[in-house]
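Working notes, beginning with the structure itself.
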Amino acid sequence: MEKTLLCESGEEAIGLARDNVLDLILMDIQMPNIDGIRTSELIRQLPHHNSTPIVAVTAHAVSGEREHLLQAGMDDYLAKPIDERC
């Protein structure tokens, strides 16, 4: 069964990741309280998510940002806004 889980915060994302096996995580970098980078680092510590693909979604795709995101344990990134027509 396919389903999409949506979160409003890093804390909520960590809780859902703890309780679910996920095929892919799209992580917004700018979230309240815990940002997407720290949230991804914490999710990576969960045994069942140590190799789950995490793709950052960011409006700040500047030079050097990709390397920073990869060092934080993310697999790739998408720059916002995302054009759904492509």
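So the sequence shown is numbered by the UniProt record's numbering: it starts at 1 and just counts up by one. Heads up, the beta-carbon is just placed ideally off N, CA and C, and yes, glycines get one too.
Beta-bridge pairing of T58 - partner residues as DSSP gives them: As a first step, residue 58 must be located in the sequence shown, where it is residue number 58. Beta-bridge annotation (DSSP): T58 is paired with A79.
How about A59 and A79: do their beta carbons lie closer than 9 Å? Position 59 of the sequence shown, counted from the first residue, corresponds to residue 59. Position 79 of the sequence shown, counted from the first residue, corresponds to residue 79. In this structure, A79 lies closer than 9 Å to A59 by Cβ.
Buried versus exposed, by CB contacts within 10 Å (16 or more), G15: Counted from its first residue, the sequence shown places residue 15 at position 15. Per the 10 Å Cβ criterion, exposed.
Could you tell me which residues DSSP puts in a beta bridge with L5? Within the sequence shown, the letter at position 5 stands for residue 5. DSSP, once it has assigned bridges, lists no residue as partnering L5.
Using DSSP's beta-bridge definition, name the partner residues of L26. The residue given as residue 26 occupies position 26 in the sequence shown. Partner(s): V55.
Per DSSP, what kind of secondary structure is D19 in: helix, strand or coil? Mapped onto the sequence shown, residue 19 falls at position 19. If DSSP states are grouped into helix, strand and coil, D19 belongs with the helices.
C-alpha gap between H49 and E41, whole angstroms: Indexing the sequence shown from 1 puts residue 49 at position 49. Indexing the sequence shown from 1 puts residue 41 at position 41. If I take the Cα positions, the gap works out to 10 Å.
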